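Residue numbers (our numbering): 21 to 253.
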């Protein structure tokens, strides 16, 4: 009864309904990185009643995180992100199982981590981790919800999903070239929020089985003009 009342607004949607909500409540989602993308994505997935959310991050909260990483407060500075994100998310929805992985994603642990979840969400902030994660997801055929941001621009796609799955390397095949790029950390916080919301939406579409998933398509948005495009690849 409590769950029906909590989720009645989304259960009322014919695309979700009681069966879709049941699928959401049984799903296991892995979020890699609890930063600018990870924080909003986690909030909306937990609010929607995802069954289990795993979070991987070895970083601590810094003052310059607070401009866009909306799970944290000033009182959390210098504390582990995963720990304080978990506390905040449990306050939002105590029925969701939160699994903390307070360490860096590496070649040693990536395969086991990915194997324990149904869908993987990319909240990474570097290409090395992203290629590592993308390859593990491709090998295990796990849906990988990609997101990236810079400045006023965001992009989202879904890999390893559907009858003609595409992989991250199909979109960005030259790993060495990408690793040579200098990171551009300039960003307005809402860019991460809007991009992460699109990622959370793709996760729910995959789990509940509605809508047209961004498989083989890259969605982009520029907040300076609010122009968005979808590129097929």
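Every residue, glycine too, gets a C-beta built ideally from N, C-alpha and C. This one's a predicted model, so the numbers in the text were calculated from it and none came from an experiment.
Inter-residue Cα distance where the pair is residue i and residue j
{"i": "residue 39", "j": "residue 32", "result": "11 Å"}
{"i": "residue 37", "j": "residue 30", "result": "7 Å"}
{"i": "residue 124", "j": "residue 149", "result": "9 Å"}
{"i": "residue 217", "j": "residue 175", "result": "11 Å"}
{"i": "residue 185", "j": "residue 209", "result": "31 Å"}
{"i": "residue 266", "j": "residue 94", "result": "Absent from the structure is residue 266, since the part of the chain shown begins at 21 and ends at 253."}
{"i": "residue 48", "j": "residue 136", "result": "8 Å"}
{"i": "residue 92", "j": "residue 167", "result": "21 Å"}
{"i": "residue 139", "j": "residue 165", "result": "8 Å"}
{"i": "residue 45", "j": "residue 224", "result": "11 Å"}
{"i": "residue 111", "j": "residue 26", "result": "14 Å"}
{"i": "residue 80", "j": "residue 98", "result": "5 Å"}
{"i": "residue 252", "j": "residue 240", "result": "11 Å"}
{"i": "residue 69", "j": "residue 128", "result": "31 Å"}
{"i": "residue 179", "j": "residue 96", "result": "34 Å"}
{"i": "residue 196", "j": "residue 34", "result": "45 Å"}
{"i": "residue 113", "j": "residue 28", "result": "15 Å"}
{"i": "residue 226", "j": "residue 107", "result": "27 Å"}
{"i": "residue 130", "j": "residue 243", "result": "33 Å"}
{"i": "residue 259", "j": "residue 189", "result": "Residue numbering for the chain in the displayed model covers 21 to 253; residue 259 lies beyond these limits and cannot be assessed."}
{"i": "residue 58", "j": "residue 22", "result": "27 Å"}
{"i": "residue 101", "j": "residue 50", "result": "15 Å"}
{"i": "residue 90", "j": "residue 169", "result": "16 Å"}
{"i": "residue 199", "j": "residue 43", "result": "37 Å"}
Continuous beta strand (DSSP E) stretch holding residue i: start and end
{"i": "residue 50", "result": "48-52"}
{"i": "residue 168", "result": "164-170"}
{"i": "residue 57", "result": "Counting along the chain, residue 57 falls outside any beta strand (DSSP E), and DSSP gives it neither H nor E."}
{"i": "residue 73", "result": "72-76"}
{"i": "residue 253", "result": "Premise fails: residue 253 is in no beta strand (DSSP E) and is neither H nor E."}
{"i": "residue 184", "result": "Counting along the chain, residue 184 falls outside any beta strand (DSSP E), and DSSP gives it neither H nor E."}
Buried/exposed call for residue i, threshold 16 Cβ in 10 Å
{"i": "residue 126", "result": "exposed"}
{"i": "residue 24", "result": "exposed"}
{"i": "residue 177", "result": "buried"}
{"i": "residue 222", "result": "buried"}
{"i": "residue 85", "result": "buried"}
{"i": "residue 219", "result": "buried"}
{"i": "residue 41", "result": "buried"}
{"i": "residue 117", "result": "exposed"}
{"i": "residue 109", "result": "buried"}
{"i": "residue 83", "result": "exposed"}
Best match in the options for proximity to residue i [C-alpha to C-alpha]
{"i": "residue 154", "options": "120, 193 and 169", "result": "193"}
{"i": "residue 119", "options": "129, 98, 133 and 112", "result": "133"}
{"i": "residue 115", "options": "170, 66, 238 and 253", "result": "66"}
{"i": "residue 187", "options": "34, 152 and 129", "result": "152"}
{"i": "residue 201", "options": "130, 128 and 147", "result": "147"}
{"i": "residue 182", "options": "235, 214, 90 and 215", "result": "235"}
{"i": "residue 172", "options": "197, 106, 180 and 214", "result": "214"}
{"i": "residue 87", "options": "106, 121 and 211", "result": "211"}
{"i": "residue 72", "options": "82, 121 and 89", "result": "121"}
{"i": "residue 191", "options": "237, 90, 199 and 169", "result": "237"}
Residue-chain proximity (residue i, chain C), Cβ-Cβ < 8 Å
{"i": "residue 40", "result": "Given the protein chain composition of this structure (a single chain), no chain C is represented."}
Opening and closing residue of the alpha helix (DSSP H) in which residue i lies
{"i": "residue 23", "result": "22-26"}
{"i": "residue 215", "result": "209-228"}
{"i": "residue 106", "result": "101-112"}
{"i": "residue 245", "result": "Neither: residue 245 is in no alpha helix (DSSP H) and is coded neither H nor E."}
Original post:
Between the segment 230-238 and the segment 60-79, are three or more C-beta pairs nearer than 8 Å?
Top reply: Touching, no, given that fewer than three Cβ pairs across the two stretches are closer than 8 Å.
Original post:
Taking three-plus beta-carbon pairs below 8 Å as touching, is the segment 199-206 in contact with the segment 241-252?
Top reply: Result no; under three Cβ-Cβ pairs closer than 8 Å.
Original post:
If we count Cβ pairs, one from each stretch, closer than 8 Å, do we get three or more for the segment 137-148 versus the segment 43-56?
Top reply: Yes, since at least three Cβ pairs between the segment 137-148 and the segment 43-56 fall closer than 8 Å, the two stretches touch.
Original post:
Between the segment 62-69 and the segment 159-175, are three or more C-beta pairs nearer than 8 Å?
Top reply: At 8 Å Cβ cutoff, the stretches do not touch.
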